[in-house]
Structures are given as structure tokens and as C-alpha cells.
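Participant: In this note's numbering, the protein residues as written are 55 to 825.
Let me give you the structure first, and then I'll get to my questions.
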Amino acid sequence: MAKNLVIVESPAKAKTLTGFLGSDYQVKSSYGHIRDLPERKLGVDVKKHFEPTYQVSPDKEQVVKELKTAAKGKHVWLASDSDREGEAIAWHVAHVLELDPKKTKRIVFHEITKSAVTEAIAHPRTIDMKLVDAQQARRILDRLVGYELSPVLWKKVRRGLSAGRVQSVAVRLIVEREREIKEFKPESSFKISAIFETGKHQLAAELSEKITNLASSRKFLEHAAKADFTVANIEQKPGKRSPGAPFTTSTLQQEAARRLGYSVRQTMTIAQKLYEHGHITYMRTDSTILSGLAINAAKEYITKEYGAKYSQVRQYQTKSRNAQEAHEAIRPTQIGRLESGADSGQKRLYELIWRRTVASQMAAADIEKTEVKIDISGRNEQFLATGEVLVFDGFLKVYGGGKDDMILPPLESGHRLRLKSADALETYSRPPARYGEASLVKKLEELGIGRPSTYAPTIGTIQDRGYIEKKDLEGEVRQLKEIILSGSKITEQTQEVTIGADRAKLVPTPLADIVTDFLVKYFGEILNYDFTAKAENELDDIADGKLAWQKMLEDFYKGFHPLVEKGEEADRAEAAQTRHLGKDPKTGKPVYARYGRYGPVLQLGEADPADKDDKDIPKPKFAPMPEGAELETVTLEQALPMFALPREVGQSTDEQPIIADIGRFGPYVKVGKEFFSIKELDPFTITESEARQVIKDKQEAAAKRVVADWGKIQILRGPYGPYVTDGTKNARIPKEQDPEKLNESAAKELLAKAPASKRGNFRRRRGAKKS
DNA sequence: CAGTGAGCGAGCTTCCGCTTGACTT
């Protein structure tokens with residue numbers, strides 16, 4: 055039996071290590087953190103120097119049990135990752151295994167190679183308590199921020215909301231970007247392009263400056279029709295393009311989004327699979343470092359396949375702000391394998407990683423750039439023609455994105471050119487781009503906020519909470535003016551162009567606006583973009599032994615907690631950004647726009663009368679916001695008609711009143727308790743006969759849905775095909791059976807055989823770990 | 001699918017970072 059137990063964080067790593075270490079060593083995984091603060095309470099005693107209460111995480115009970123059994127009578131080596139979190143994991147493991155942290159062997163390696171592992175085993179150290187303390191400070195700080203801020207939001211805005219050091223800043227970035235876009239005033243100008251002729255060749259050029267308006271553009275073209283054009287000067291500049299560093303989590307997410315269209319979640323799930331099968335190194339990393347082994351393998355491969363001049367050994371410095379560099383860059387485990395993965399998704403991501411890794415060890419591409427300036431007689435501007443020729447492809451051979459060559463015809467300075475045609479096309483200056491998932495990750499990384507393991511989950515959280523939506527943007531159609539000069543004839547026309555259409559962009563909801571404004575006002579320090587960076591500096595001091603973790607938290611809390619108390623006193627109406635729009639001329643009651651429990655809402659009358667006990671004061675009336683209107687800008691004139699709903703349209707065929715209104719899911723009419731959505735029709739103007747038609751259509755559709763009806767048991771046609779139902783349980787009807795011919799007893803049999811309804815199971819998974 | 005927004009005041013929600021499953025919303 056093995057005498058030693060090595061504990062790492064990931065099971066895949068355990069498997070690899072087993073291969074390196076031989077039969078004296080058993081290797082097991084902790085599956086990440088095993089202990090944490092309790093989920094349902096603060097778990098930090100603020101009055102006792104922030105003493106934390108740790109407990110084995112509910113989902114790790116089994117893991118801990120197994121580790122305890124495995125450790126019996128063995129020599130334990132703690133081999134968790136060599137970063138702050140890894141050190142803490144080692145400490146927690148030592149604690150649950152009742153090992154002395156001062157004596158237990160702690161080993162680390164930055165790459166998983168046999169030599170690195172052997173080297174590590176030869177030089178064990180003990181747990182670095184300073185680093186553990188830095189982790190504790192980080193953990194407790196995040197707990198304090200998250201668990202003190204969120205309840206303020208529950209009280210002031212809406213239950214179930216959340217705030218935190220990372221997520222609230224992510225939301226703020228998106229909110230502020232959206233505001234910049236809204237405030238942006240596009241400016242129109244004209245881009246002049248021309249085609250010249252020289253001998254048999256043609257030369258495309260652009261005017262070096264844009265022209266601000268249509269009249270001047272027209273004047274310019276009129277002048278150009280008669281002007282002389284001469285080559286003023288030709289400049290040749292050699293240029294280089296260098297390969298990018300090997301992938302980190304964040305750059306992999308960006309490139310996979312850009313080139314393959316994957317979401318950050320997709321990228322991580324696929325990468326995880328590749329990792330588990332040993333095709334790539336660990337996918338959650340902030341390091342661009344390649345192991346010596348990998349560099350050599352790449353060099354060998356490149357030299358053999360492309361020749362020595364394509365090889366260039368490079369090691370990249372990790373640029374990321376708070377990089378911990380516990381792992382290597384993301385790379386193939388075997389450079390020689392050009393294809394890996396079980397499906398096309400995995401294959402495509404593997405290929406991207408392979409190309410990026412190999413390219414990173416290749417020579418730069420050489421480019422020859424040519425710039426030709428062309429004088430215009432009688433004008434100061436010049437035309438500019440640029441050519442670009444790839445002289446040596448270098449790394450572009452494997453990691454494309456190379457542009458096509460633009461070859462210029464042979465030219466000489468002083469050369470006369472003939473203008474063939476010219477064109478002035480209106481362009482608009484563009485607002486800053488919205489964030490997508492990957493560009494948000496990039497920004498967060500730049501700010502040093504969040505870690506490779508949290509980028510994808512953070513984006514999930516801010517969407518789950520209803521702060522952010524991922525949307526395809528339709529853009530708007532613009533008429534662009536264009537003037538064309540051909541020969542000596544000038545014509546004007548317009549071009550219809552869609553501007554601002556975009557896929558999968560992150561857009562804030564009104565809730566995000568409300569919450570961000572509130573948090574920025576009351577907790578500006580936490581919402582500041584450099585809050586994390588400052589905290590990280592202090593964490594570094596703790597890790598260096600220059601600062602006690604309790605001292606850091608004390609200083610922080612001294613400033614933070616009073617803000618929480620102030621926030622508690624904030625006015626709900628203020629948090630909901632209540633706006634008084636004016637008075638309803640009919641009733642004289644005030645009209646408000648505010649953020650309600652279900653989103654923006656209009657309100658007629660006081661919700662909170664001064665004398666609450668006076669039962670004679672009528673309740674306020676509520677109405678949804680008019681289509682397209684926003685909380686900050688909606689006017690009284692837009693608001694008033696909304697209170698005309700609900701409206702009695704007329705009577706149904708059986709003489710019951712038909713009511714029209716707008717609900718959470720859009721406009722509808724209802725008769726008694728039955729609802730009918732009216733997507734195309736306007737509830738303000740819908741007529742009795744239109745409403746009757748809608749009702750009749752839906753009733754007919756519903757009748758078609760029922761294939762058979764035996765009272766309680768029915769056969770229905772659903773969106774996924776025919777099924778049997780008894781009201782609570784559903785059963786699919788197999789394809790080979792004709793639902794029309796099924797009799798009642800056969801239907802009952804199908805129901806009995808169908809698996810029990812799983813409804814609700816999924817939802818419980820997240821919250822109810824206790825029961 | 002579902003069409004709300006005060007209410008009696010129960011019992012509940014929430015953070016970030018480290019890991020991988022189970023599972024169909």
C-alpha cells in the first residue's frame with residue numbers, strides 16, 4: 055500500500071500526477087475549497103476581530119470523508135495550487151485532517167511535468183500562514199460587502215437582489231456605457247474616395263481629411279472634376295506584426311467569442327472537457343507562461359514543418375494586474391496532435407488553442423507598407439493611397455487574421471494621374487461599443503476585478519438577477535447622402551444603411567439603473583473601479599507580513615459599516631426614483647413614474663397617504679409605462695392616456711363584458727377569467743368586433759388542441775407533440791402510435807408508465823442545500 | 001406559462017473563489 059497521500063485541487067490533475075509518482079504515492083483531489091463561511095448567515099464575528107466560522111461545505115462532506123479515510127496512517131503532502139486560494143485550501147485540508155500546519159509538507163508546482171513534480175517533492179515547505187491570512191481577509195471582505203449590501207437592496211428596491219464587490223462593478227460598467235451611448239450625438243461628415251488611372255492600372259485613394267457637409271463636398275467634387283492630380287511622394291515603410299501571447303482564460307474567451315461565436319460559458323464548458331481528457335492544460339489561468347517542455351516541443355514542430363526561420367522562442371510576461379500565475383497558459387498537452395476533441399465544438403476550440411500556442415513560438419510577419427500622397431491642384435488636402443504587401447508570413451501561417459495584399463501600381467513622384475471617378479459618402483461618428491460577454495471580461499481583467507474561475511459565473515449572476523440582458527440589437531436605418539462624380543457628371547443620391555445592428559450585446563435593464571444609482575450614491579467607495587485594486591495592495595501587504603488581516607478589515611469596516619446604516623435610512627421613494635409628473639386634470643390627483651416591484655410603473659394618486667388609517671382615501675391606480683418610454687423622460691402627456699385602461703370594449707357573444715388592458719406579458723382582452731392576448735391590436739382602440747374575433751380564434755385553436763376528452767383524462771397536442779394528461783401528470787405518446795386512435799384505457803396505461811413529474815427538482819438544487 | 005403593484009408580518013433572499021457533476025428548466 056502507498057505510504058504517501060498527495061492532495062491536489064482537481065481530479066484530472068490527480069490522475070496525471072499518479073502517472074508521474076509511482077506506487078508509493080496515492081493522489082487524491084479536494085475538488086477546490088472544502089470549507090467556507092456558512093451560506094445562510096454572516097459567519098463573521100465583527101466584534102471579535104472578525105473571527106470567521108468555517109464549516110465543511112455541504113457538497114464536500116463526501117470528499118472530506120474520503121480524504122480522511124485515505125489519509126489514515128499515511129504521510130500527507132498538500133499540493134493545492136500555488137496561489138492565495140490554494141494556500142487556504144491546504145490550510146483547511148490540514149485542519150479537517152487534523153494535521154499540524156506547522157509540520158505538514160506543502161508542495162507547489164507551476165507546470166505539470168515529471169521534472170517539476172519531482173523537484174517539488176524534493177523541496178517541500180510548510181503552509182504559509184501569511185498567505186492564508188490574505189485569503190481570509192479577501193474572503194471575509196467579500197462576505198461583509200455582499201451580505202451587508204444585499205439586504206439594503208431588499209428593503210429599498212426589491213427582495214432577492216444582490217450586490218457585491220465584483221458583480222456591482224460589472225453592472226456599473228454596463229450601465230455607464232449605455233448612458234454614454236444614449237448621450238452620444240453622432241456627427242455627420244463626408245468621406246471622399248477616388249479612383250485614379252495611370253496607364254493600364256487603377257489606384258484607389260481616400261482624401262486625407264473628412265469634409266463636414268454636403269455643400270462643401272459638392273464644391274470639392276466640382277473642383278476635382280477639373281483639377282490636376284500629381285503623385286507628391288511615395289513612402290515605403292517596413293512593418294512587423296507579432297504573434298499574441300498564449301491563451302489565458304480571458305483571452306481564450308475573447309477569441310472564442312470573436313472567431314467561433316461562443317459565449318464565455320460555452321467556451322469554459324468545452325475547455326473543461328478538453329482538459330478532462332488530457333488534451334489541453336488547465337483552462338482557468340491568468341498566466342501566459344509556457345513550460346520549457348512545451349516551448350521545446352513547439353520549436354521542434356515548427357522547425358520540422360515550416361523551417362527554422364519560422365521558429366522564434368518566446369516567453370511572454372503576464373500582463374494581467376492581479377495575476378497569481380498558479381498555472382501555465384492554456385496550451386495543447388501535445389503540440390504534435392493537430393486535432394483533439396469528441397465533437398466539432400471541442401475540435402474547433404482545440405484547434406484555436408493549438409494555433410495560438412504554436413503561433414506564439416513563431417517569427418513575426420514582415421509587412422511592407424507603401425503610402426502614396428497625391429496633390430490636388432488648387433487645394434491643400436491630399437489624397438492618400440496605401441498598399442500593403444506581406445513579405446514574410448511568419449506566424450500568420452498558423453494564426454490568420456491576415457489581410458489580403460493591396461498592391462499598388464508602379465508609380466513615381468511627379469507622375470500625373472487621371473481621375474476616373476470620385477465619390478463623397480456621408481458617414482456618422484460612432485458611439486462607444488456596447489459590451490459583449492467577452493469584452494466585459496476583458497475590461498474586468500484590466501481593472502483587476504474577478505478571477506478566471508469567476509468571469510463566466512459573474513456574467514450569469516448579473517443576468518439571473520435581472521440587471522443585464524443579452525440582446526441582439528436591430529440597429530436603425532439611416533439615409534446616407536452620397537454624391538458621385540463620374541467623368542464630369544455629378545449626381546446625388548441616398549443610400550439606405552442599417553447602423554448599430556449587433557449580436558449578443560449586454561444591455562442594462564431599468565433595474566440596473568435604479569440599483570447602480572443607489573449603490574453609487576450610498577456606497578461610492580465600493581463601486582469605485584479601483585476599490586479592488588486598492589484592496590489587493592493591502593492583501594499583498596498581509597501576504598508579505600506587513601499588515602495584520604484583522605487590521606485591514608477593521609480599517610475597512612470602520613468606513614463601510616456607517617455607510618450601510620445610512621443606506622438603511624434612505625427613502626424608498628428616492629431609491630425607486632419617483633418622479634412627480636404633474637396633476638391629472640380630471641381628478642386633480644398627482645401622477646408619478648417610479649420603479650415598482652415588477653419594473654417601471656405609472657401611478658395616479660398617493661400610494662402612501664399621510665393619514666394611513668383613513669379608509670376613505672382611495673387606493674392609487676397603476677398603469678404600465680407607454681411603449682418605448684423611459685422612467686427618466688416620460689411626460690405627463692404620455693402618461694395620462696395609460697390610465698384609460700382597463701377599458702370596457704363591449705360585450706361578448708354571450709353578453710359578458712369584454713375588458714381590454716395591458717399586463718406583464720403585453721396587451722390582452724378578457725372575458726370573465728379567461729385571457730386572450732392581442733399582440734397586433736391596440737387595447738386603447740380595439741373594437742368590440744375585433745375583440746370577438748380574437749376570442750373566437752383562440753377558442754377554435756384550443757378546440758383543435760384537444761384530440762380526445764374523457765373528462766379528467768385528455769389527449770392534447772402540445773408544442774412537443776401529442777401527449778396524455780390527467781391534469782397533473784403528462785405522458786408523451788410514442789411516435790409509432792396514432793393519437794387519434796388511442797382509447798381511454800391505453801391512455802391510462804401510458805400515464806401509469808410515465809416517469810413521475812420532476813417539476814421543482816431543478817429549482818431546489820441551488821437554494822435548498824439544507825433539507 | 002400568465003395578467004401583479006398596498007395588506008397580517010411568516011420566512012426568505014445575498015457575497016467571491018476554488019472545483020466538478022447532474023440534468024433539462
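Where is the CB? At the ideal position from N, CA and C, for every residue including glycine.
Relative to the C-alpha of P464, which residue among K254, R338, A627 is closest?
Facilitator: Among K254, R338, A627, the Cα nearest to that of P464 belongs to K254.
Participant: In angstroms with no decimal places, state the Cα-to-Cα distance between V655 and P616.
Facilitator: 32 Å
Participant: Measuring only the C-alpha atoms, how far is V452 from E546?
Facilitator: 46 Å
Participant: Kindly indicate which three-state DSSP category Y85 falls into: helix, strand or coil?
Facilitator: coil
Participant: By Cβ distance below 6 Å, which residues in the same chain neighbour R319 in space, the five residues on each side in sequence not counted?
Facilitator: A510
Participant: With a cut-off of 8 Å on the beta carbons, I'd call I324 and Q400 a contact; round off their distance for me.
Facilitator: 5 Å
Participant: Here's the rule: buried if 16 or more other CB atoms are within 10 angstroms of the residue's CB, otherwise exposed. What is H634?
Facilitator: exposed
Participant: Roughly how many angstroms separate the alpha carbons of K824 and P112, rounded to a whole number?
Facilitator: Any answer about K824 is weak, because its pLDDT of 30 lies below 50 and its placement is not dependable; what the coordinates show is given next. Approximately 8 Å between the Cα atoms of the pair.
Participant: In this structure, does DSSP put L560 in helix, strand or coil?
Facilitator: strand
Participant: Between F730 and A647, what straight-line distance do the alpha-carbon atoms span, to the nearest angstrom?
Facilitator: About 28 Å.
Participant: Which one of T707, V285, A383, K57 has the shortest CA to CA distance from G468?
Facilitator: Each of T707, V285, A383, K57 was checked against the Cα of G468, and the nearest Cα belongs to V285.
Participant: My parser needs the alpha helix (DSSP H) runs of 4 or more residues fully inside the segment 666-713; what are they?
Facilitator: 690-693
Participant: By Cβ distance, which residues of its chain are closer than 6 Å to A597, with the 5 residues on each side in sequence left out?
Facilitator: K184, L185, A188
Participant: Are there three or more Cβ pairs, one per stretch, closer than 8 Å when the segment 473-490 is compared with the segment 536-545?
Facilitator: yes
Participant: What residues are listed by DSSP as bridge partners for D763?
Facilitator: Q768
Participant: Starting from the C-beta of D182, find all residues in its chain whose C-beta is less than 6 Å away, skip the five residues before and the five after it, and write them out in chain order.
Facilitator: E141
Participant: With a cut-off of 8 Å on the beta carbons, I'd call R197 and G97 a contact; round off their distance for me.
Facilitator: 7 Å
Participant: What do you get for G814, buried or exposed, if any count of 16 or more other CB atoms within 10 angstroms of its CB means buried?
Facilitator: A caution first: G814 carries a pLDDT of 35, below 50, which makes its placement in the model unreliable, though a value can still be read off. With fewer than 16 other Cβ atoms within 10 Å, it is exposed.
Participant: Pairs of beta-carbons, one from the segment 481-490 and one from the segment 296-304, closer than 8 Å: are there three or more?
Facilitator: no
Participant: So, is A806 buried or exposed, given that buried needs 16 or more other C-beta atoms within 10 angstroms?
Facilitator: exposed
Participant: Counting Cβ pairs, one atom from each stretch, are 3 or more of them under 8 Å apart for the segment 427-443 and the segment 258-271?
Facilitator: yes
Participant: Which residues in the same chain have their Cβ closer than 8 Å to the Cβ of T172, if we skip the five residues on either side of it in sequence?
Facilitator: F74
Participant: For K69, report the span of its alpha helix (DSSP H) as first-last.
Facilitator: 65-75
Participant: Can you look up P654 in the DSSP assignment and give me helix, strand or coil?
Facilitator: strand
Participant: Return helix, strand or coil for T357, following the three-state DSSP convention.
Facilitator: Helix, per DSSP.
Participant: Compare the Cα-Cα distances from V147 to each of P562, F274, Y482, V60 and report the closest residue.
Facilitator: Of the listed residues, the one whose Cα sits closest to V147 is V60.
Participant: Which partner residues does G293 have in the DSSP bridge list?
Facilitator: I421
Participant: If you draw a straight line from the C-alpha of G504 to the C-alpha of M337, how long is it?
Facilitator: 16 Å
Participant: Note down the Cα distance separating A419 from G441, rounded to an integer number of angstroms.
Facilitator: 16 Å
Participant: Report back the beta-carbon spacing between P680 and Q657 to the nearest angstrom; my notes put them in contact at under 8 Å.
Facilitator: That belief does not hold up - the Cβ atoms of P680 and Q657 are roughly 14 Å apart, past 8 Å.
Participant: So, A492 versus K524, is the Cβ gap smaller than 7 Å?
Facilitator: no
Participant: Starting from the Cα of E742, find the closest Cα among E499, Q705, K758 and give me that residue.
Facilitator: Q705
Participant: Hey, out of L275, I713, K575, whose CA is closest to R433's CA?
Facilitator: L275
Participant: Unbroken beta strand (DSSP E) runs of length 3 or more, entirely within the segment 418-459: which are they?
Facilitator: With a minimum length of 3 residues, the continuous beta strand (DSSP E) runs that stay inside the segment 418-459 are 419-430, 436-446.
Participant: Measure the alpha-carbon distance for I769 versus K727 and round it to whole angstroms.
Facilitator: The alpha-carbon separation between I769 and K727 amounts to approximately 24 Å.
Participant: How about T411: is its Cβ closer than 6 Å to a heavy atom in the ligand SAM?
Facilitator: Looking at this structure, you won't find the ligand SAM or any other ligand, since it has none at all.
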